[in-house]
Amino acid sequence: MNNPLRIDPTRFLHMAIIFLQVFSVAQIVWWFVDQRSYAEVNAVHVRTLYTSEMVAAQKLAALGVSPADITAIFPHAESVDGQIILKSGVLTDLQDAQQSHVNQYAWESGFFLLVQSLAIAVLWRGLRSEKEIRLKQDNFLAMVSHQFKTPIASLQLSLETMVMREVSAERFQQLSRRMLDDLRRMESMVSKILDSARLDRGRVQLNKEKLNLAEAVRHLLVTLDDLARRENIVFTVDVAPDLVVRADPLAVDGVLRNLVENAMSAMKPKAGGTVTIRGRRSGDDAELQIADTGVGFEPTEGLRLFEKFFRIDDHGGRDAAGTGLGLFIVQRFMHFENGHVSAHSDGPGTGATFTLTWPAATEES
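First residue of the sequence shown? That's 70 in the numbering used here, and the numbers climb one at a time after it.
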């Protein structure tokens, strides 16, 4: 049961930051006003001293003291036509000095306020980022729990049917295939979680060798053929037979599998479709495109797709049953392979295209 009096720590930190910002601004403004007031009071005091000096100098002149002796005693005084007066420019210099101090305080206040504001902005951004990551992780854990419960419940139902009832050979085969599919589904989720943890920490050891992409694609599609037929999905392949890269076979298989399964998932709402895989040489690179006729996504989300835990279904779209890890794994594997991956879609309902690029293998490599 949720405690209504419990304060969310993140919200508390946000409130504390706002309070700190307001307090700091008030403190800096008060410091500037106080220093300006101090400069004005000091200027008035100096003017009063100048006035007192002139009164004393004029009294000495009245007593017959020579102007030279008077100006020696009072350096701010001068004799003009026998009259002792304050030197011209003294008050102007005093006013300039006062304004200079005020300007200095203003610049210092502005600088301190800017630095403090930047620090608060960085801290605020960090807290917001932490909150978003925590929310994604919470959604991920809830989704994984649900995704594991579904195949486990299906396995339990299949086993109970096989144990508690007499089933025909055909029905036995159907239940067995369903159980294998459920196990593969759980294995895939566990593999993605483990792969993402390793890739996130950079703990990856790749065994690179020459690899024919046409053969890698063919091998992958053989393993997905039964699932594709059941989901009314057609594979179209046009990969150059001599398209070779130097890469880790397991990493390439993981990249291709994630992208093809992602494409198949995107076509579930449409009850089927086509996955087109094209491969060719592009300069010094080997380029592979995986296009689907699925639900697509907003063009602006092309980069965010590769963020960890990001799922478009959270915003109403693609990959409703995904973990938010598959494309992150693809991006990290391609990074470690010195390759690149990008995603493009013209919008929801228009399908999507993922482009993979590796340095092409050479005769010497």
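Glycine included, each C-beta is placed from N, C-alpha and C at the ideal position.
DSSP places Val-236 in the coil class of the three-state scheme, outside both helix and strand. Taking Tyr-174 as the centre and dropping the five residues before and after it, the same chain places the C-beta of Phe-101, Gln-104, Arg-105 closer than 7 Å to its C-beta, in chain order.
Where Ala-421 is concerned, the enclosing beta strand (DSSP E) starts and stops at 421-428. In terms of Cα proximity to Met-333, the closest of Asn-301, Ala-316, Glu-356, Leu-319 is Asn-301.
Along the region 116-195, the beta strand (DSSP E) occurs as fully enclosed runs of 3 or more residues at 146-149, 152-155, listed in sequence order.
According to the DSSP assignment, Gln-358 belongs to the beta strand (DSSP E) that extends over 354-361. Of the candidates Glu-376, Leu-263, Thr-422, Glu-376 places its Cα closest to the Cα of Glu-201.
In this structure, the beta-carbon distance from Asp-361 to Ala-430 does not fall below 8 Å.
Phe-304 has Val-344 as its beta-bridge partners, per DSSP.
In the DSSP assignment, Asn-281 falls within the unbroken beta strand (DSSP E) covering 278-281. Between the region 109-127 and the region 138-155, the count of C-beta pairs closer than 8 Å reaches three or more; the two stretches touch. Judged by DSSP secondary structure, Val-324 falls within the alpha helix (DSSP H) whose first and last residues are 318-335. Collapsing the DSSP output to three states places Val-364 in coil. Take Gln-90, set aside five residues on each side of it, and the residues of its chain with a beta-carbon closer than 7 Å to its own are Ile-189, in chain order. Nearest to Met-258 by C-alpha distance, out of His-288, Ser-214, Met-231, Leu-280, is Ser-214. Contact annotation: the region 215-229 does not touch the region 191-200, with fewer than three C-beta pairs closer than 8 Å. In the three-state reduction of the DSSP assignment, Ala-412 falls in the strand class. Rounded to the nearest whole angstrom, the C-alpha separation of Asp-295 and Thr-426 is 28 Å. Note on geometry: alpha-carbon atoms of Asp-317 and Leu-182 lie some 53 Å from one another. Within the model, the alpha-carbon separation for Ile-142 versus Val-110 is close to 26 Å.
By the Cβ rule, the region 238-249 does not count as touching the region 276-289, because fewer than three pairs are nearer than 8 Å.
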